[in-house]
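>
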Amino acid sequence: MTTALITGATAGIGAAFARRLAADGHNLVLVARDTHRLREQATELHDRHGIEAEVLTADLSLDEGIAAVEARLADRRQAVDLLVNNAGFGNKGQFLDVSMADELTMLKVHCEAVLRLTSAAAAGMRERGRGGVVNVASVAAFVPRGTYGASKAWVVQFTQGVAKDLAGSGVRMMALCPGFVRTEFHQRAGMGTGSIPGWMWLDADKLVAAALADLARGKQVSVPDARYKALMGLVKVTPRGLLGGVTSKTGRKYGPR
Ligand SMILES: NC(=O)c1ccc[n+]([C@@H]2O[C@H](COP(=O)([O-])OP(=O)(O)OC[C@H]3O[C@@H](n4cnc5c(N)ncnc54)[C@H](OP(=O)(O)O)[C@@H]3O)[C@@H](O)[C@H]2O)c1
């Protein structure tokens, strides 16, 4: 039986990963800040699927939280075969509207935690000659979209770079780039979602199924769903200045991200 560790496991995309991996028979290590919610989720997944679900309470915006998850990933007696770096959030507002403390917290969770946890997991995976890391980025990585998009662009670049360095080691690296997904993300950030057309919303369970299929195929960058594949094709041929006008403001002050 293999074990997967998921950060941000209690809601949205992370919870969809937990449901799907548990249904497929993987043991889980569930990471987030809310211990009560983690315990409820672990009990439900254990009862429903007969898997072992471990709870690890950690705040990935703090050094001690990252260190606790690093220690679990580096424990050779309880190997983790799949790491899903999914925890993340949005700050409401454009550059200079958001406090520097909030900007730095985002970089800590989206970049530093992803760097350190990937490193802690990949060392053991390389020794064992197998394993996988999914880093949840966003299609915002490919368009000018404030500091959120910049942090997710880092995730994509980082993942592709590490994939190259680990080529042939048996360790798979994949950046997952979702479009809009119905989760708690926008509500938590205090962002309205009214201006986003219905067709742009993705379902978290379908997104995860597509992501795991892409990981099995050995993809390094996964953009699930034909709608977003087509949009990203358009992005590639659209002048950057024009793109910035459309994407950098949409939803960031008053709407979704
Ligand atoms: N929803 C979208 O439209 C969308 C689109 C593209 C990419 N994404 C990305 O997908 C990922 C998941 O987002 P989501 O939409 O599923 O959001 P969500 O529903 O708000 O869930 C976020 C999860 O992350 C955890 N979390 C947040 N801050 C944390 C911290 N400091 N330390 C540890 N855990 C933390 C939360 O649990 P606790 O509060 O208990 O810690 C929760 O389990 C994020 O990286 C996001 O940027 C989302």
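Going by the working numbering, the letters in the sequence shown line up with residues 5 to 261, in that order. Here a beta-carbon is modelled for each residue, glycine too, at the ideal position from N, C-alpha and C. Here the structure is a predicted model, which is why all the values come from computation and not from measurement.
1) May I have the straight-line CA-CA distance separating residue 238 from residue 89, to the nearest angstrom?
2) Pick from 208, 194 and 217: whose alpha carbon is nearest that of residue 96?
3) Under three-state DSSP, which class holds residue 16?
4) Any heavy atom of ligand 1 closer than 8 Å to the beta-carbon of residue 11?
5) At a cut-off of 8 Å, would you count residue 144 as near ligand 1, judging by its Cβ distance to the nearest heavy atom?
6) Would you kindly work out how many angstroms separate the C-alpha atoms of residue 116 and residue 225, rounded to a whole number?
7) Using 8 Å as the cut-off, can you tell me whether the segment 199–211 makes contact with the segment 151–169, which would need three or more C-beta pairs spanning the two stretches below that distance?
8) Looking at residue 72 and ligand 1, is the gap between the Cβ and the nearest heavy atom below 8 Å?
9) As a quick exercise: from 72, 221 and 63, pick the residue whose alpha carbon is nearest that of residue 112.
10) Is there contact here, the segment 69–85 with the segment 117–134, by at least three beta-carbon pairs under 8 Å?
11) Let me confirm a value: residue 255 is counted as buried when at least 16 other C-beta atoms fall within 10 Å, else exposed. Which label applies?
12) What are the residues that DSSP puts in a beta bridge with residue 141?
13) Confirm, please, whether the CB-CB distance from residue 7 to residue 40 is below 9 Å.
14) According to DSSP, what are the bridge partners of residue 10?
15) What is the residue span of the beta strand (DSSP E) that residue 61 lies within?
16) Output the boundary residues of the alpha helix (DSSP H) element that contains residue 166.
17) Determine the DSSP secondary structure at residue 81, reduced to helix, strand or coil.
18) Taking the alpha-carbon positions, what's the residue 60 to residue 241 distance?
19) Among 32, 93 and 43, whose alpha-carbon lies nearest the alpha-carbon of residue 82?
20) Closest to residue 144 by C-alpha separation, out of 212, 158, 136 and 78, would be which residue?
21) For residue 9, count the other beta carbons within 10 Å of its own beta carbon; 16 or more makes it buried, fewer makes it exposed. Which is it?
So, from the data block:
1) One-based indexing of the sequence shown puts residue 238 at position 234. One-based indexing of the sequence shown puts residue 89 at position 85. So the two alpha carbons sit approximately 28 Å from each other.
2) To locate residue 96, count along the sequence shown from 1; it is residue 92. Checked all of 208, 194 and 217; the closest Cα to residue 96 is 194.
3) Along the sequence shown, one-based indexing puts residue 16 at 12. Reduced to three states, the DSSP call for residue 16 is helix.
4) Residue numbering aside, residue 11 sits at position 7 when the sequence shown is read from its first letter. True, at least one ligand heavy atom lies under 8 Å from that Cβ.
5) In the sequence shown, residue 144 corresponds to position 140, counting from 1. Checking the Cβ of residue 144 against ligand 1 gives yes.
6) As a working note, residue 116 is residue 112 in the sequence shown. As a working note, residue 225 is residue 221 in the sequence shown. Approximately 20 Å, taken between the alpha carbons.
7) no
8) Here the question's residue 72 lines up with position 68 in the sequence shown. For ligand 1, not one heavy atom lies less than 8 Å from the Cβ of residue 72.
9) Working through the sequence shown from its first residue, we reach residue 112 at position 108. The shortest C-alpha separation from residue 112 is found at 63.
10) yes
11) The count along the sequence shown starts at 1 and reaches residue 255 at position 251. Because the pLDDT of residue 255 is 48, which lies under 50, any placement of that residue in the model is unreliable, and the question is left without a value.
12) One-based indexing of the sequence shown puts residue 141 at position 137. Answer by DSSP bridge pairing: none, since residue 141 is not bridged.
13) As a working mapping, residue 40 is identified with position 36 in the sequence shown. As a working mapping, residue 7 is identified with position 3 in the sequence shown. Cβ distance not < 9 Å, so residue 40 and residue 7 don't count as in contact.
14) Translated into positions along the sequence shown, residue 10 becomes position 6. Looking at the DSSP assignment, residue 10 forms a beta bridge with 34 and 88.
15) Counted from its first residue, the sequence shown places residue 61 at position 57. Residue 61 -> beta strand (DSSP E) spans 57–61.
16) Numbered from 1 along the sequence shown, position 162 holds the residue referred to as residue 166. Its alpha helix (DSSP H) spans residues 150–169.
17) Here residue 81 corresponds to residue number 77 of the sequence shown, with the count starting at 1. Note: residue 81 maps to coil in three-state DSSP.
18) The residue given as residue 60 occupies position 56 in the sequence shown. The residue given as residue 241 occupies position 237 in the sequence shown. Distance between the alpha carbons of residue 60 and residue 241: 44 Å.
19) By one-based count along the sequence shown, residue 82 stands at place 78. Ranking 32, 93 and 43 by Cα distance to residue 82 puts 32 first.
20) Reading the sequence shown from its first residue, position 140 is the one you call residue 144. Ranking 212, 158, 136 and 78 by Cα distance to residue 144 puts 158 first.
21) Residue 9 sits at position 5 when you count from the first residue of the sequence shown. Buried: at least 16 other Cβ atoms inside 10 Å.
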